[in-house]
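For reference, the structure discussed in these notes is given below.
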Amino acid sequence: MEATSEAPSQTVLDAAPPARGCAGQATCRYLYASRLAPRQPVTVVGALLTQARERNRQLGLTGALLFDGEHFVQLLEGPGEVVDALARRIEADARHAGVAVFLHAADARPPLFDGWSGGWAEPEALQDFLALERSDTTRLLDAFKKLVEGSDMQ
């Protein structure tokens, strides 16, 4: 698992998180990036995808998870309390390291995705996404949707 460009992901993944939380809100978006934790085999990702696909369907969440062999980027959309609880769970998960939250806020716009999916992203494409300015959430969400559309999804 060799990163193609360590500097951008290190900068982004080590940056301070924005204000967050969606308690009491009907719709919430949570967009984050992380690295596969040290000493975690890449084989855990298949189990993680299977578990997330079922759990997110049951919880009524939409979004997508991308993995490039080292980095995760995921968008979750759904009820505020559900997204908040899952965000806490992800941030405490030993399979993730360096969780960087790009967005964790209520959003009245319609979901970007009809369901939830996961898949493989080209490392260069994921690095380009990680290098984007975080303050423009509309641009981040648009870029994430394009990244998903160009990825191998299930």
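In case it helps, the UniProt record's numbering puts the sequence shown at residues 1 to 154.
Where a beta carbon is used, it is the ideal one built from N, C-alpha and C, also for glycine.
Keep in mind the model is a prediction, meaning the values are calculated, not measured.
Start-to-end residues for the alpha helix (DSSP H) that takes in residue i
| i | result |
| --- | --- |
| residue 140 | 137-149 |
| residue 160 | Residue 160 falls outside the range modelled here, since the chain spans only 1 to 154, and no answer is possible. |
Delimiting residues of the beta strand (DSSP E) encompassing residue i
| i | result |
| --- | --- |
| residue 113 | Here residue 113 belongs to no beta strand (DSSP E), and DSSP marks it neither H nor E. |
Whether residue i touches residue j by CB criterion (8 Å)
| i | j | result |
| --- | --- | --- |
| residue 77 | residue 63 | yes |
| residue 116 | residue 31 | no |
| residue 66 | residue 148 | yes |
Sequence-distant residues of the same chain with beta carbon closer than 6 Å to residue i, five excluded per side
| i | result |
| --- | --- |
| residue 68 | 121, 123 and 126 |
| residue 103 | 29, 31 and 137 |
Residue i burial status per 10 Å Cβ neighbour count (16 or more: buried)
| i | result |
| --- | --- |
| residue 135 | exposed |
| residue 58 | exposed |
| residue 71 | buried |
| residue 118 | buried |
| residue 42 | exposed |
| residue 152 | exposed |
| residue 93 | exposed |
| residue 142 | exposed |
| residue 52 | buried |
Same chain, Cβ closer than 7 Å to residue i, neighbours up to 5 away in sequence not counted
| i | result |
| --- | --- |
| residue 44 | 95 |
| residue 150 | 125 |
| residue 169 | Any question about residue 169 goes unanswered here, given that the chain covers just 1 to 154. |
query: In chain order, which continuous runs of the alpha helix (DSSP H) of length 4 or greater are located wholly inside the UniProt domain "BLUF" (27-119)?
result: 44-59 and 80-92
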